[in-house]
Amino acid sequence: MKTLNQIIAGDKRIAVLTGAGVSVPSGIPPFRGINGLYRHADVERYLSIDYFESRPEAFWAFYWSLFDADLLLGARPNPVHRWLSSLERNKEVTVITQNIDGLHSKAGNRHVIEVHGAFDRTVCPTCGSVYPTDSIRHKKVPHCTAKDLKGGICGTILKPDIVLFGEAVRDFDRAENAVRTADRLLILGTSLTVAPASLLPVYAAMNGVPVLLVNDRPAEQTESIDHFIKADFNHFDPDSLQPSDKRNF
C-alpha cells in the first residue's frame, strides 16, 4: 500500500485544506471541542461583529482574555507545516486554512488563503491601516494612529483581522477555484464540521478531484472522501502514513 508521499508524488497541482489539528504540535490548542477556546458559552455573542460594533471596549476585553497572544504570536511551524512548504519544490500548492495562526506563511508556503483571517494582523475599519498585533497587544483598547486626509489622527478603534461571528469567510471564491482545478484535494487536521470549508470536498468530488483526508479521526461526512489516513500530528511521517480502506469509515 502506498504512503502519503507516494500517493501525491504524481500530482502537479494540489489544494490543501487545513484545520486546527495541524497546529496542535506547535502548542496551539483547538478552538472547538470540549477543551477548545470556544467552549465559552457566549463566545458567539462576545466574538461577533455585532458586539464589536456596539460595545468595542467590552469586545476587546473579552478578546484579550480569550486568546493567548504570547502563544499565538510566538508559535513556530512544526513538521506538518514544513512538509507542506517543501511540496512547493515541484508542485503548485494552494493552502486553504481555517487557522488564524499564520504558521503556513511562516513555514514558507507562498499561496495561502486564510479564510478566517489572521491573529497577527489588526486593522482600522475606517481607513484600512494594518497593524501588527504584536505592536498593539499591550493596549486594552487599541486605536488607529494613522493620519487622516486633514492631517489629524484617525483614532478609530481597531478591529482584529479575523473573521468574527456574523461575518463572511474570506476569499472563498479563490478557495473553490483552487479545489476545482487541482489534481487532488488534501485535507489535514479537520473533521469538516465548520461550513463553508466543509463544502470544499463536495466541490472537489463534483469536479472529479480525488480527496484524501489525513486526520486523527474520520470526517463526519464521508461521501466525498476517497481515502482516509489516520494520523497523529505530533508524530507526523508522510513516508510511513498509509490510508485505511474507505469501507472502514
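Residue numbers (the working numbering): -4 to 244.
Every residue, glycine too, gets a C-beta built ideally from N, C-alpha and C.
Computed from a predicted model, the values in this text were never measured in an experiment.
Taking the alpha helix (DSSP H) that R77 falls in, what are its first and last residues?
74 to 81
Helix, strand or coil: how does DSSP classify I29 here?
Since pLDDT at I29 reaches only 44, below the 50 mark, its modelled position is unreliable, and no value is offered.
Suppose the cutoff is 6 Å on Cβ atoms and the five residues either side in sequence are ignored; what does the same chain contact list for L12 look like?
I91, I182, L195
Note down, in chain order, each residue of its chain lying with its Cβ closer than 6 Å to the Cβ of L82, except the 5 sequence neighbours on either side.
Once the five neighbours on either side are set aside, the close Cβ partners of L82 are V88.
Mind checking which residues open and close the alpha helix (DSSP H) that includes T128?
128 to 131
DSSP on H138, reduced to helix/strand/coil?
Three-state result, H138: strand.
Count Cβ pairs between the region 202 to 216 and the region 51 to 67 that sit closer than 8 Å; are there 3 or more?
The region 202 to 216 and the region 51 to 67 do not touch, with fewer than 3 CB-CB distances between them shorter than 8 Å.
Within the continuous beta strand (DSSP E) that includes K154, where are the two ends?
154 to 157
Are T128 and A64 closer than 9 Å when you measure CB to CB?
yes
Which complete alpha helix (DSSP H) runs does the region -3 to 67 hold, if anything under 4 residues is left out?
The qualifying runs are -1 to 2, 38 to 41, 44 to 49, 51 to 61.
Could you pull out every residue in the same chain whose Cβ sits closer than 7 Å to the Cβ of I29, ignoring the five residues on either side in sequence?
Confidence in I29 is poor, its pLDDT being 44 and thus under 50, which makes the residue's placement unreliable; the coordinate value appears in the next sentence. So the list is empty, once near-sequence residues are dropped.
Can you tell which of K7, F160, F231, S60 has its C-alpha closest to the C-alpha of S43?
The shortest C-alpha separation from S43 is found at F160.
L207 lies in the beta strand (DSSP E); which residues open and close that run?
206 to 210
Quick check on DSSP: helix, strand or coil for D96?
coil
Among A102, G14, C122, which residue has its Cα nearest to the Cα of L144?
C122
Compute the distance between the beta-carbons of R239 and K225, then report whether it is under 9 Å.
Going by the sequence as given, residue 239 is Ser instead of Arg. Contact: yes.
Who are the near neighbours of V107 in its chain, counting only those whose CB is closer than 6 Å to its CB and skipping five residues on each side?
V90, H99, S100
Determine the extent of the alpha helix (DSSP H) in which F167 is found, giving its start and end residues.
167 to 175
Could you tell me how far apart the beta carbons of D6 and K86 are, in whole angstroms, since I believe they sit closer than 8 Å?
6 Å
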